[in-house]
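Note sheet for the following structure.
There are 2 protein chains.
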Amino acid sequence: MSVIREQALHAKEASYVLSQIGISEKNHALLNIAEKLIENSDYILAENEKDIAKAEENGVRTAMIDRLCLTKERIIGMAEGVRQVVALQDPVGEVISMTERPNGLIIGKKRVPLGLIGIIYEARPNVTVDAVCLTLKTGNATLLRGGKEALFSNLALTKVMKEAIVEAGLPESSVELIEDTDRETAKEMMKLNGIVDVLIPRGGAGLIKTVVENATVPVIETGTGNCHTYVDDFADFNMALAILVNAKTQRPSVCNACESLLVSQKIAEEFLPMAKKALEEKGVEIRGCEKTREIISVKAATKEDFYTEYNDYIISVKVVSGIEEAISHINTHNTKHSECIVTSNYENSQKFLKSVDAAAVYVNASTRFTDGFEFGFGAEIGISTQKLHARGPMGLEALTTVKYIIYGNGQIRN
Amino acid sequence: MSVIREQALHAKEASYVLSQIGISEKNHALLNIAEKLIENSDYILAENEKDIAKAEENGVRTAMIDRLCLTKERIIGMAEGVRQVVALQDPVGEVISMTERPNGLIIGKKRVPLGLIGIIYEARPNVTVDAVCLTLKTGNATLLRGGKEALFSNLALTKVMKEAIVEAGLPESSVELIEDTDRETAKEMMKLNGIVDVLIPRGGAGLIKTVVENATVPVIETGTGNCHTYVDDFADFNMALAILVNAKTQRPSVCNACESLLVSQKIAEEFLPMAKKALEEKGVEIRGCEKTREIISVKAATKEDFYTEYNDYIISVKVVSGIEEAISHINTHNTKHSECIVTSNYENSQKFLKSVDAAAVYVNASTRFTDGFEFGFGAEIGISTQKLHARGPMGLEALTTVKYIIYGNGQIRN
Numbered sequence: 001m002s003v004i005r006e007q008a009l010h011a012k013e014a015s016y017v018l019s020q021i022g023i024s025e026k027n028h029a030l031l032n033i034a035e036k037l038i039e040n041s042d043y044i045l046a047e048n049e050k051d052i053a054k055a056e057e058n059g060v061r062t063a064m065i066d067r068l069c070l071t072k073e074r075i076i077g078m079a080e081g082v083r084q085v086v087a088l089q090d091p092v093g094e095v096i097s098m099t100e101r102p103n104g105l106i107i108g109k110k111r112v113p114l115g116l117i118g119i120i121y122e123a124r125p126n127v128t129v130d131a132v133c134l135t136l137k138t139g140n141a142t143l144l145r146g147g148k149e150a151l152f153s154n155l156a157l158t159k160v161m162k163e164a165i166v167e168a169g170l171p172e173s174s175v176e177l178i179e180d181t182d183r184e185t186a187k188e189m190m191k192l193n194g195i196v197d198v199l200i201p202r203g204g205a206g207l208i209k210t211v212v213e214n215a216t217v218p219v220i221e222t223g224t225g226n227c228h229t230y231v232d233d234f235a236d237f238n239m240a241l242a243i244l245v246n247a248k249t250q251r252p253s254v255c256n257a258c259e260s261l262l263v264s265q266k267i268a269e270e271f272l273p274m275a276k277k278a279l280e281e282k283g284v285e286i287r288g289c290e291k292t293r294e295i296i297s298v299k300a301a302t303k304e305d306f307y308t309e310y311n312d313y314i315i316s317v318k319v320v321s322g323i324e325e326a327i328s329h330i331n332t333h334n335t336k337h338s339e340c341i342v343t344s345n346y347e348n349s350q351k352f353l354k355s356v357d358a359a360a361v362y363v364n365a366s367t368r369f370t371d372g373f374e375f376g377f378g379a380e381i382g383i384s385t386q387k388l389h390a391r392g393p394m395g396l397e398a399l400t401t402v403k404y405i406i407y408g409n410g411q412i413r414n
Numbered sequence: 001m002s003v004i005r006e007q008a009l010h011a012k013e014a015s016y017v018l019s020q021i022g023i024s025e026k027n028h029a030l031l032n033i034a035e036k037l038i039e040n041s042d043y044i045l046a047e048n049e050k051d052i053a054k055a056e057e058n059g060v061r062t063a064m065i066d067r068l069c070l071t072k073e074r075i076i077g078m079a080e081g082v083r084q085v086v087a088l089q090d091p092v093g094e095v096i097s098m099t100e101r102p103n104g105l106i107i108g109k110k111r112v113p114l115g116l117i118g119i120i121y122e123a124r125p126n127v128t129v130d131a132v133c134l135t136l137k138t139g140n141a142t143l144l145r146g147g148k149e150a151l152f153s154n155l156a157l158t159k160v161m162k163e164a165i166v167e168a169g170l171p172e173s174s175v176e177l178i179e180d181t182d183r184e185t186a187k188e189m190m191k192l193n194g195i196v197d198v199l200i201p202r203g204g205a206g207l208i209k210t211v212v213e214n215a216t217v218p219v220i221e222t223g224t225g226n227c228h229t230y231v232d233d234f235a236d237f238n239m240a241l242a243i244l245v246n247a248k249t250q251r252p253s254v255c256n257a258c259e260s261l262l263v264s265q266k267i268a269e270e271f272l273p274m275a276k277k278a279l280e281e282k283g284v285e286i287r288g289c290e291k292t293r294e295i296i297s298v299k300a301a302t303k304e305d306f307y308t309e310y311n312d313y314i315i316s317v318k319v320v321s322g323i324e325e326a327i328s329h330i331n332t333h334n335t336k337h338s339e340c341i342v343t344s345n346y347e348n349s350q351k352f353l354k355s356v357d358a359a360a361v362y363v364n365a366s367t368r369f370t371d372g373f374e375f376g377f378g379a380e381i382g383i384s385t386q387k388l389h390a391r392g393p394m395g396l397e398a399l400t401t402v403k404y405i406i407y408g409n410g411q412i413r414n
């Protein structure tokens with residue numbers, strides 16, 4: 001048996017224990033993790049230092065090193081995050097419904113943990129702590145497979161968390177980190193059917209594509225966002241500009257940032273020059289369709305541009321004939337993440353909400369709000385862009401499933 | 001572009017139209033389907049005859065020919081089934097929750113259709129009608145890929161349904177049947193990411209395994225059931241025998257039938273001879289573990305037997321040390337479908353309900369009740385044995401997803 005399969009089986013065993021324990025024990029373990037992270041911060045920082053040194057040696061990009069780098073403050077922030085999870089309500093155990101059938105069977109639908117959750121992610125040590133705490137809170141075990149650039153940090157964080165978990169009386173294998181960061185081990189993890197109950201990839205489009213194409217265990221697809229802002233005939237231009245600039249530039253690297261602007265042709269001549277000025281002031285490169293370029297002088301957009309999630313200070317712009325074309329353009333080009341209409345027309349707002357196929361559809365607000373915290377869930381394990389199980393920001397409930405519990409008194413079927 | 005991709009894209013287009021229409025239009029189309037099935041029954045039966053003739057020529061098993069065969073009565077039954085779907089409540093459009101955030105954003109969570117649902121199934125023409133009606137009722141389009149043995153029947157049924165749908169004013173491509181029943185076309189269908197929103201395989205273990213291993217679109221795994229009946233120390237033996245015989249023999253070919261009997265050692269000497277008599281009277285072959293064979297004279301069970309879904313008049317029997325071993329044996333051998341304890345002990349009933357990992361866990365009732373109709377859902381598209389999205393019998397709600405609709409008045413993120 002391979003090391004990974006063995007680790008996964010241990011974690012699966014642990015998941016059965018975790019599914020039985022109450023919220024006080026789970027919270028106790030979480031508080032212990034928060035404490036141990038602070039206590040062991042020197043050790044964690046020293047291990048993180050090894051990752052940083054290696055990354056610098058290998059000429060890794062500054063942005064990536066920044067995400068990789070831990071500091072005393074960041075560890076304190078992690079511990080604070082864990083304590084916030086403690087404060088959240090545990091969804092496990094709720095009986096959602098219970099009905100008596102004509103034959104006397106009493107059928108209850110109960111919320112239970114998923115079991116063993118696999119997380120595949122990139123070189124972000126904060127995900128290691130984040131993912132473990134959310135899965136533990138919901139009574140699940142975690143099988144982690146992080147980016148190779150963060151291996152020393154992940155090993156240190158996992159070691160500290162395991163100690164805290166064991167001290168709290170829970171199984172050590174509640175968390176297992178795959179140490180071999182070879183591509184083949186990731187593929188093996190993706191095929192642990194019957195052991196891993198769900199796999200959640202967290203990272204860029206490339207990682208998510210690899211998981212979707214190779215996994216045979218159930219996957220929750222997260223994260224890629226080709227989000228649009230459509231400025232309607234009846235838009236308040238100041239509101240439209242504020243929303244557009246916010247959605248594009250407040251944090252361009254994230255999945256809920258705007259990547260494409262659609263403008264109704266009726267207002268294009270008036271609105272586009274204003275949009276150009278506002279976006280260029282923020283350093284945004286504009287790539288326009290032909291009609292756009294008849295109005296403002298910008299680079300030409302290719303077909304490919306309208307499918308692209310830039311995650312950068314770039315935006316594609318298209319003039320559309322009106323709301324119908326806007327909706328059909330969005331439904332054929334988007335990644336089902338977040339979409340916005342700016343309008344003061346009631347019918348158009350309703351039509352957009354009803355017809356656009358996406359996890360979150362906005363009227364008159366920035367797409368940047370698609371986020372578990374902004375939605376009031378108190379936590380977020382990722383943003384689902386598929387339609388099964390969970391859609392949009394995933395809070396604790398997305399880490400649970402249901403089971404039917406049935407009370408009989410000898411019923412048999414005719 | 002391949003024929004399949006083209007069909008899928010047309011069906012996807014249709015799904016956007018279907019997602020917008022109200023329940024009266026959907027019900028009108030369904031009633032029209034019921035009527036047209038009856039009206040065209042001679043044509044359907046003639047086409048079905050071609051499938052039967054070909055199957056007989058190819059020496060197909062009698063059981064399979066029976067499933068394939070349509071009669072006037074069966075068509076009337078199909079039409080009756082469609083009318084029952086009309087009577088069900090439409091889950092689409094419900095706003096499950098709506099909350100106002102501190103910044104004034106109003107966030108609603110609304111139930112919407114999944115979009116385009118792919119169904120891969122075997123030579124059962126009734127699935128063709130069944131699947132289309134449930135997906136249409138929930139505002140989804142359907143891409144069908146049935147077994148090659150039923151191709152003439154499926155073409156006829158689809159033609160009739162399409163006519164009924166068009167007459168009701170809905171898009172013709174609301175239903176598309178893949179006519180090329182080559183293996184490669186099925187594989188192509190399994191990889192239509194971005195077009196097919198979910199794929200539901202309906203059929204035997206082999207089909208489901210192929211889909212799970214090859215699909216890159218989201219899949220709902222259905223159907224395989226290695227279900228156990230555990231007879232506890234404190235069982236009422238008459239009740240245990242009735243439940244056991246019912247779960248094993250009332251319809252052995254289905255997924256919720258019992259495949260394995262676990263008996264607590266304290267009562268094994270008394271219970272096993274009674275079980276042997278009751279099962280053998282129904283023609284069931286018993287394969288026992290060593291301890292079983294010390295008590296009753298039966299064939300030896302191999303390790304493999306305890307993982308096997310016989311779907312036949314065969315049962316594996318194991319003597320366990322008590323409830324703990326029963327639970328751990330079930331959790332390592334079952335397919336997460338349906339499990340039963342027979343006991344009159346309160347603590348053991350609760351422990352079993354809590355610790356067994358399955359879609360449906362029973363106290364003192366036959367596992368044969370795991371079924372959408374028996375659970376009161378009024379319909380069933382299959383029984384999910386995975387944990388994402390839907391677990392256990394899937395009614396109409398399993399064919400929907402949610403989207404967040406957000407009402408703002410210019411909110412931007414800080």
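Sequence order for the protein chains is A and B. If you read the first sequence in our numbering, its first letter stands for residue 1, the second for the next number, and so on. If you read the second sequence in our numbering, its first letter stands for residue 1, the second for the next number, and so on. Backbone N, C-alpha and C fix where the C-beta goes; we use that ideal spot for every residue, glycine too. The model shown is predicted, which means the values in this text are computed figures rather than measured ones.
Determine which residues share a DSSP beta bridge with residue i and list them.
i	result
Cys258 (chain A)	A:Cys227
Glu285 (chain A)	A:Ile314
Asn111 (chain A)	The sequence shown places Arg at residue 111 (chain A), not Asn. Answer is A:Val402.
Met98 (chain A)	A:Gly108
Glu339 (chain A)	A:His228, A:Val361
Let me know the secondary structure DSSP gives residue i once reduced to three states.
i	result
Ile178 (chain A)	coil
Thr138 (chain B)	coil
Gly438 (chain B)	No answer is possible for residue 438 (chain B): it lies beyond the span of chain B, which begins at 1 and ends at 414.
Leu88 (chain A)	coil
Thr222 (chain A)	strand
Met190 (chain B)	coil
Lys299 (chain B)	strand
Pro393 (chain A)	strand
Pro252 (chain B)	coil
Can you pull the chain D residues whose beta carbon is under 9 Å from the beta carbon of residue i, in chain order?
i	result
Ile295 (chain B)	Absent here is chain D; the protein component of the structure consists of chains A and B.
For a contact defined as C-beta to C-beta under 7 Å, what are the partners of residue i on chain A?
i	result
Lys282 (chain B)	Neighbours of Lys282 (chain B) on chain A: none; closest Cβ ~13 Å, over 7 Å.
Lys354 (chain B)	Gln20
Met239 (chain B)	Gly410
Arg391 (chain B)	Thr401, Val402, Lys403
If we ignore side chains and look at the alpha-carbon of each, how far apart do residue i and residue j end up?
i	j	result
Thr416 (chain A)	Leu136 (chain A)	Chain A is shown only over 1 to 414; residue 416 (chain A) falls outside these bounds and no answer can be derived.
Glu163 (chain A)	Ile33 (chain A)	8 Å
Tyr404 (chain B)	Gly392 (chain A)	8 Å
Gly410 (chain B)	Phe369 (chain A)	12 Å
Phe237 (chain B)	Gly225 (chain A)	59 Å
Val284 (chain B)	Ile220 (chain A)	42 Å
Ile106 (chain A)	Val402 (chain A)	16 Å
One question on the structure: do residue i and residue j come within less than 8 Å of each other, judged by their Cβ atoms?
i	j	result
Val82 (chain B)	Ala379 (chain B)	no
Phe152 (chain B)	Asn48 (chain B)	yes
Lys336 (chain A)	Ala365 (chain A)	no
Met190 (chain A)	Thr222 (chain A)	no
Leu134 (chain B)	Leu388 (chain B)	no
Ile330 (chain B)	Glu339 (chain B)	yes
His10 (chain A)	Ala168 (chain A)	no
Asn140 (chain A)	Leu399 (chain A)	yes
Asp90 (chain B)	Lys26 (chain B)	yes
Val92 (chain A)	Pro113 (chain A)	yes
Mind listing the chain B neighbours of residue i? Cutoff is C-beta to C-beta under 7 Å, in chain order.
i	result
Asn364 (chain A)	Gly408, Asn409, Gly410
Gln386 (chain A)	Pro218
Listing by chain order, which chain B residues have their CB less than 8 Å from the CB of residue i?
i	result
Phe375 (chain A)	Arg101, Ile107, Tyr404
Listing by chain order, which chain B residues have their CB less than 9 Å from the CB of residue i?
i	result
Asn348 (chain A)	What Asn348 (chain A) touches in chain B: nothing, since even the nearest Cβ is about 13 Å away.
Residues of chain A with CB under 9 Å from residue i, in chain order?
i	result
Ile330 (chain B)	Correct list: empty, because the minimum Cβ distance to chain A is about 11 Å.
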